[in-house]
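When the count follows full-length UniProt numbering, it moves up by one through the sequence shown with no breaks and lands on 223 for the last residue.
The beta carbon of each residue, even a glycine, is placed where N, CA and C say it ideally should be.
Everything below concerns the one structure shown next.
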Amino acid sequence: MAGKPKLHYFNLRGRMETIRWLLSAAGVEFEEQYIQSKADLEKLKKDGVLLFQQVPVVEIDGMKLAQSRAILNYIAAKYNLSGKDIKQRALIDMYSEGAFDLSEMIMMLPWKYTDPKEREKETVAALEKATGRYFPVFEKVLKDHGQDFLVGNQLSRADIQVLESILATEELKADVLSKFPLLKAFKTRISNIPNIKKFLQPGSPRKPAPDDKTVAEVMKVFQ
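Here you go:
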């Protein structure tokens, strides 16, 4: 019997967070091996765990999977989160990539912009892109589709990643969905799916938004 998937990353969100979301939504228990020092990272490299000498890496089904999108694609396919045919898969991939772009923009704010004024400026820019570029698309998809989910009528990785991006954006501005009633209802609906609701509770594998202290600790690993 295969063991639990093992996630190799830092004890923070980063590019592992969406992987945690998908596994949790699928009801899959996993374990995490945190990189806490340069020695930890070097050991993973020496042991051949890191295919491209970088993380995230997930050990699952006898494989050591690298590259975030490859990992997400595998998990989505394995746990029936990638649609029923290639047309649905294309839509799911398209919406997921849009959500990924938004999440990545927000994720990088504390890493790229250490000056408070510059970070504030870039935060405003991210919010403008969220409400001007990404959320209108998802609002229209929900309106045109007329179903509870973004694609077909069952949960997919697109729903999970869009919810993740919504919650990350709300951490920057709590009322960011005020002009998007369908997305607001979508957020409530998807958040109440049992496995996702559990993931959103305190004590789950979900990580908090990184603060400056967390960023500094991780950067020490690479120095």
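As assigned by DSSP and simplified to three states, the class of ALA174: coil
Status (buried if at least 16 other CB within 10 Å, exposed otherwise) for MET21: Checking the displayed sequence, the identity of residue 21 turns out to be Trp instead of Met. TRP21 is buried by the Cβ-count criterion.
Own chain, CB closer than 7 Å to LYS84, minus 5 neighbours either side, in chain order: GLY152
Residue span of the beta strand (DSSP E) that contains ALA66, given as start and end: 63–66
Cα-Cα separation, SER37 to PHE180: 43 Å
Boundaries of the beta strand (DSSP E) in which VAL57 is found, first to last residue: 57–60
DSSP-derived helix/strand/coil call for TYR9: strand
Cross-strand partners of TYR134 (DSSP beta bridge): In the DSSP output, where bridge partners are listed per residue, TYR134 has none listed.
Separation of VAL218 from TYR9, as counted between CA atoms: 10 Å
Cβ contact check for the segment 53–69 and the segment 196–205: 3 or more pairs under 8 Å: no
Same chain only: Cβ atoms within 7 Å of VAL215, ignoring 5 sequence neighbours per side: PRO110, TRP111
GLN33 - DSSP class collapsed to helix/strand/coil: strand
Own chain partners of ALA168 with C-beta closer than 7 Å, once the 5 adjacent residues on each side are dropped: SER103, ILE106
Cα-Cα separation between MET1 and LEU65, rounded to whole angstroms: Its pLDDT being 44, under 50, MET1 is placed unreliably in this model, and the value from its coordinates should be taken loosely. So the alpha carbons of these two residues sit roughly 19 Å apart.
Beta-carbon proximity of GLY144 to ARG189, cut-off 8 Å: Looking at the sequence provided, one finds Asp at residue 144 rather than Gly. Taking 8 Å as the Cβ cut-off, ASP144 and ARG189 do not qualify as a contacting pair.
Burial state of THR18, where buried means 16 or more other Cβ atoms lie within 10 Å: buried
Beta-carbon gap between LEU44 and VAL221 smaller than 8 Å: no
Inside the UniProt domain "GST C-terminal" (85–211) only - alpha helix (DSSP H) runs reaching at least 4 residues: 86–107, 109–112, 116–129, 135–145, 157–170, 181–191, 194–199
Rounded C-alpha distance that separates LYS129 from MET63: 37 Å
Exposed unless 16 or more other CB atoms sit within 10 angstroms - verdict on LEU23: buried
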